[in-house]
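So for the sequence shown, our numbering puts the first residue at 14; every next one is plus one.
Glycine included, every Cβ here is placed at the ideal spot set by N, Cα and C.
Notes for the one structure printed next.
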Amino acid sequence: MDFDLTAEQLDVVSMCREFAESEIAPNAERWDAQSEFPLETIKKLGELGLLGLPFPEKYGGSGADTLTYALAVMEIGRCDASVGITMAAHVSLGAMPFYLFGSEEQKERFLVPLARGEKLWAFGLTEPQAGSDAGATKTRAELRDDRWTINGTKCFITNAGTPISGGVTITAVTGEGDGRRPEISNLIVPQATAGYVQAKPYKKMGWRASDTRELTFENAAVPEDHLLGPRGRGLKQFLDILDGGRISVGALSVGLAQACFDAAARYAKERHQFGQPISKFQAIKFSLVDMATELELARSAVLKAAWLKDNGRDFATAAAMAKLYSGELSRRCANAAVQIHGGYGFMDEYAVSRYWRDCKINEIGEGTNEIQRMVIARQLGL
Ligand SMILES: Cc1cc2nc3c(=O)[nH]c(=O)nc-3n(C[C@H](O)[C@H](O)[C@H](O)COP(=O)(O)OP(=O)(O)OC[C@H]3O[C@@H](n4cnc5c(N)ncnc54)[C@H](O)[C@@H]3O)c2cc1C
């Protein structure tokens with residue numbers, strides 16, 4: 014086993030770290046407080062090639078591997094989880110379906126501007142009545158006169174309404190199916206489509222600087238060639254996309270957990286009680302040691318899942334384990350970091366208070382903890 018990163022991977026890590034520490038970290042508190050989408054910073058991520066990291070250069074990407082992409086998400090997420098999820102949702106959920114399932118013409122038309130970072134793209138699976146049970150989708154698309162006419166609602170959609178959002182790829186019922194489940198297909202819906210209605214952004218507990226909205230389709234008609242992949246394969250395609258997405262949410266969780274550790278370790282050395290830094294108390298030391306130990310394990314789990322994917326191996330179980338463990342770890346680390354800050358950790362001017370709000374979604378988005386356990390149990394033959 015070789016645990017060394019390549020020179021290219023190290024270059025991307027240091028570029029991301031420098032950018033995140035100089036351009037993201039100083040603004041994260043303000044963006045969160047004002048629920049402000051950091052448009053200019055997202056555009057710069059695009060200029061640095063970070064919005065197209067794992068796609069080939071011929072499609073406008075940077076030609077990096079999944080491992081490099083996971084390292085980049087860790088670095089960006091360490092400074093701001095909202096910017097991290099904006100990048101991760103765009104790459105893993107928005108652009109990846111075009112790369113994996115698009116025709117050559119669709120890749121040229123849709124993937125290239127996304128990989129270059131000129132536009133963001135969203136992934137519309139969740140509906141008000143279809144969350145974990147994603148196959149319960151009610152959005153319908155009917156093929157009439159060479160056009161798909163779409164009606165339905167998608168909720169909690171990331172990157173759905175930013176000033177540079179280009180559109181969304183959705184699941185929709187397109188036919189009767191095999192009797193047990195309806196036929197579900199993926200459709201590409203550009204934002205300019207008549208009948209594409211975006212709601213106001215949700216008011217959220219965390220990830221406040223990211224864009225999350227409900228989308229409604231009212232007789233929204235797109236050309237027949239906006240079908241992505243074969244008709245009837247939509248749910249399977251999106252579930253495959255989520256396997257890869259779990260690597261990036263795992264990476265985001267590791268980034269946040271690292272931020273919690275860094276802030277808590279720094280504060281513990283500065284804060285004095287009973288005549289000495291609180292870091293000298295064994296209880297505080299052990300809490301920091303537990304964070305550091307689990308962080309090491311979580312980082313390894315995420316990078317291993319990425320390595321499996323890059324090497325064409327089956328990575329779904331490893332990605333579910335990495336996402337589950339890292340998501341829960343980010344919550345434990347955020348809780349410990351606030352505890353180490355005492356009452357100051359409860360105050361908004363300390364970043365750990367934001368980390369505490371940002372961590373919870375890591376246990377819900379792209380498959381809840383319970384769904385990850387169900388995926389892993391199935392693999393274990395349980
Ligand atoms: C900020 C944010 C951004 C998001 N971005 C996107 C996006 O870009 N695109 C998109 O499509 N979706 C997105 N989502 C949706 C997200 O993926 C769903 O919220 C998630 O999958 C859970 O679905 P749900 O909220 O409907 O919860 P439910 O499925 O209703 O689950 C409620 C509870 O029941 C549990 N549960 C459900 N089924 C079972 C079971 N069989 N066994 C045991 N427990 C079960 C769940 O684990 C959970 O604890 C986003 C959500 C949020 C909050």
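Nearest-angstrom Cα separation, counted from G288 out to A101: As a working mapping, residue 101 is identified with position 88 in the sequence shown. As a working mapping, residue 288 is identified with position 275 in the sequence shown. Going from the Cα of A101 to the Cα of G288 covers about 45 Å.
Contact the region 82 to 101 vs the region 20 to 33: 3+ CB pairs below 8 Å: yes
Check whether the Cβ atoms of V315 and A108 lie closer than 9 Å to each other. Translated into the one-based positions of the sequence shown, residue 315 becomes position 302. Translated into the one-based positions of the sequence shown, residue 108 becomes position 95. In this structure, A108 does not lie closer than 9 Å to V315 by Cβ.
Own chain, CB closer than 6 Å to G74, minus 5 neighbours either side, in chain order: Your numbering for residue 74 matches position 61 in the sequence shown. Cβ within range, chain order: G65, F68 and A128.
Given that a residue counts as buried once 16 or more other Cβ atoms are within 10 Å of its Cβ, and exposed if not, what is R221? For the purposes of this step, residue 221 is identified with residue 208 of the sequence shown, where counting begins at 1. Under this definition R221 is a buried residue.
Buried or exposed, going by whether 16 or more other CB atoms sit within 10 Å of the CB of D361? Indexing the sequence shown from 1 puts residue 361 at position 348. It counts as exposed.
Kindly list the residues whose CB is nearer than 6 Å to the CB of F402, restricted to its own chain and excluding five residues on each side of it in sequence; keep chain order. Lying before the first or after the last residue shown, residue 402 is absent from the chain, which here runs from 14 to 395.
Just tell me which of S313, S343, Y357 and D323 has its CA closest to the CA of E283. What you label residue 283 is simply residue 270 of the sequence shown in a count that begins at 1. Cα-wise, what sits closest to E283 is Y357.
From the DSSP output, in three-state form, read off W220 for me. By 1-based counting over the sequence shown, the position of residue 220 is 207. Residue state, collapsed to three classes: coil.
Distance between T166 and E397 (C-alpha atoms, nearest Å): Nothing about residue 397 can be reported from this structure: the residues present for the chain run from 14 to 395 only.
Sufficient close CB pairs (3 or more, under 8 Å) joining the region 330 to 337 to the region 256 to 266: yes
State yes or no: is the C-beta of S366 nearer than 8 Å to some heavy atom of ligand 1? Taking the sequence shown and counting its residues from 1, the one referred to as residue 366 is at position 353. Result no, Cβ not under 8 Å from ligand 1.
Measuring alpha carbon to alpha carbon, tell me which of T81, N40 and E36 ends up nearest D17. As a first step, residue 17 is located in the sequence shown; it is residue number 4 there, counting from the start. Restricting attention to T81, N40 and E36, the CA atom closest to the CA of D17 is found in T81.
Is T381 near ligand 1, going by C-beta to nearest heavy atom under 8 Å? Here residue 381 refers to the residue found at position 368 of the sequence shown. Yes, Cβ of T381 sits closer than 8 Å to a heavy atom of ligand 1.
Distance check for M218 and W369, CA to CA, integer angstroms please. Along the sequence shown, one-based indexing puts residue 369 at 356. Along the sequence shown, one-based indexing puts residue 218 at 205. Between the C-alpha atoms of W369 and M218 there is a straight-line separation of about 10 Å.
Cβ-heavy atom distance between F111 and ligand 1 below 8 Å? For this step, residue 111 is matched to residue 98 along the sequence shown. Not so, every heavy atom of ligand 1 lies at least 8 Å from the Cβ.
Check the C-beta distance from T150 over to V186 and give it rounded, since I have them as a contact under 8 Å. The count along the sequence shown starts at 1 and reaches residue 150 at position 137. The count along the sequence shown starts at 1 and reaches residue 186 at position 173. For a cut-off of 8 Å, the C-beta gap from T150 to V186 is around 6 Å, short enough to register as a contact.
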